[in-house]
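*Asks:*
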Amino acid sequence: MEQKKINNKKRFYVVLIFILIIAISLFYFQNYSQKNTTLTQLSPQGDRQMMGYLIKTHQGKLIVIDGGTIDDKDQLIDQINQNGGKVDAWFLTHAHDDHVGAFTQIVNNTDILINKIYVSTNELSWYKQYEPQRADFTEYFLETLESEKIKDKVVQPNINDIFKIDNVQAEILGIKNPEITENPGNEQSMVIKFTTNNKSLLILGDTGEKSSEKLLKTQKEKLKSDILQIAHHGQQGATKELYKQVNPKICLWPTPEWLWNNDIGQGENTGPYKTFETREWIKEMNVKENYIAKDGNITINLF
Ligand SMILES: [Zn+2]
């Protein structure tokens with residue numbers, strides 16, 4: 094009798110321990126899967142070059158970087174809706190419509206909630222003086238930023254500002270450069286370094302030669318990153334020296350097919366673009382993983 098009791102007790106503890114092990118494993122599995130932080134590169138919906146990225150934090154907050162042209166707005170709306178329906182932080186690199194066109198449509202024509210918008214802009218008069226051919230869109234973009242709906246959410250960061258969105262840190266390495274008036278619009282690109290626990294991502298927007306030099310002078314040590322967004326859609330953007338300093342393992346190319354191939358109808362590498370030069374630089378740096386927007390939307394883990 095006594096022996097039977099002991100055996101029953103033993104059985105009870107064995108089952109209890111078994112249940113506990115399963116419960117703890119399930120808890121860790123669930124937690125682990127929630128902790129994935131993901132980065133998505135969006136592909137162009139029209140023929141034009143564009144740039145758009147989404148970062149989803151481990152707690153489900155959504156960060157958007159640029160977003161693409163007006164023609165890319167439907168894709169971006171879908172992506173935002175699939176990821177909770179609101180944007181916790183929106184970083185806009187510069188005032189060009191291939192980057193912020195979709196943003197203007199979402200602000201002006203939808204009810205999507207945006208919590209904070211980080212952008213670095215000059216006065217309209219600056220754009221009118223140095224980039225008059227684009228002034229109409231710039232004016233529309235600046236008016237959008239000043240609209241009642243969002244004006245209180247707009248932040249113009251300073252250099253080295255740090256913003257935290259859950260487990261993702263955004264450090265501002267570069268803001269507008271009004272003194273650079275050659276290739277003016279692109280050279281105003283905000284440069285942002287995103288870091289999670291063990292990965293870093295450098296966003297360059299359409300950074301050009303002069304701001305590359307400035308970054309190398311002022312932010313040299315901070316430039317090193319695991320993942321690099323190739324500037325200006327893969328051609329005539331940042332310098333080789335800057336890319337070498339970043340020394341990435343993974344490159345993201347916001348590049349449509351015709352631009353990747355430098356083909357505007359006459360065959361591979363017959364167009365006026367310098368994509369093949371940049372591709373060669375990245376190959377020389379032994380980067381093994383390249384994600385190109387022409388191949389469709391791609392999501393990678395940032396952990
Ligand atoms: Zn661009």
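Going by the working numbering, the residue at position 80 of the sequence shown is 173; the numbering climbs one at a time, nothing skipped. Just so it is clear, CB atoms sit at the ideal spot from N, CA and C, and this is done for glycine as well.
Could you spell out where the beta strand (DSSP E) holding TYR146 opens and where it closes?
*Replies:* Unbroken beta strand (DSSP E) run through TYR146: 145 to 149.
*Asks:* Hey, quick one: how far does the alpha helix (DSSP H) through ILE199 stretch, first residue to last?
*Replies:* Start and end: 190 to 202.
*Asks:* Starting from the Cα of VAL339, find the closest Cα among LEU185, ILE285, ASP171, LYS367 and give me that residue.
*Replies:* Among LEU185, ILE285, ASP171, LYS367, the Cα nearest to that of VAL339 belongs to ILE285.
*Asks:* Are ASN398 and THR130 touching if we call contact CB-CB under 8 angstroms?
*Replies:* What is shown of the chain runs 94 to 396, which leaves residue 398 out entirely.
*Asks:* Could you please give the first and the last residue of the uninterrupted alpha helix (DSSP H) stretch that includes THR368?
*Replies:* Element bounds for THR368: 368 to 377.
*Asks:* Which residues does DSSP list as the beta-bridge partners of ASN383?
*Replies:* According to DSSP, which records beta bridges pairwise, ASN383 is partnered with CYS344.
*Asks:* Looking only at DSSP bridge pairs, what is PHE287 linked to?
*Replies:* According to DSSP, PHE287 bridges with ALA263, LEU294.
*Asks:* In the DSSP assignment, the beta strand (DSSP E) including LYS209 goes from what residue to what residue?
*Replies:* Element bounds for LYS209: n/a, residue is neither H nor E.
*Asks:* Touching or not, the stretch 302 to 311 and the stretch 339 to 350, by the rule of three or more beta carbon pairs under 8 angstroms?
*Replies:* Output reads no: the stretch 339 to 350 does not touch the stretch 302 to 311.
*Asks:* Applying the 10 Å Cβ sphere with the 16-neighbour rule, what's the burial state of PHE196?
*Replies:* Buried.
*Asks:* Should ASN253 and HIS187 be called a contact, given that it needs their Cβ atoms to be closer than 8 angstroms?
*Replies:* Result no, Cβ atoms of ASN253 and HIS187 do not sit closer than 8 angstroms.
*Asks:* Short of 6 angstroms in beta carbon distance, which residues of its chain neighbour GLN168, apart from the five on each side in sequence? Order them along the chain.
*Replies:* Contacts found: GLN138.
*Asks:* VAL380: which of LYS367, THR371, LEU266, ASN270 sits nearest, CA to CA?
*Replies:* If we check each option's Cα against that of VAL380, THR371 comes out closest.
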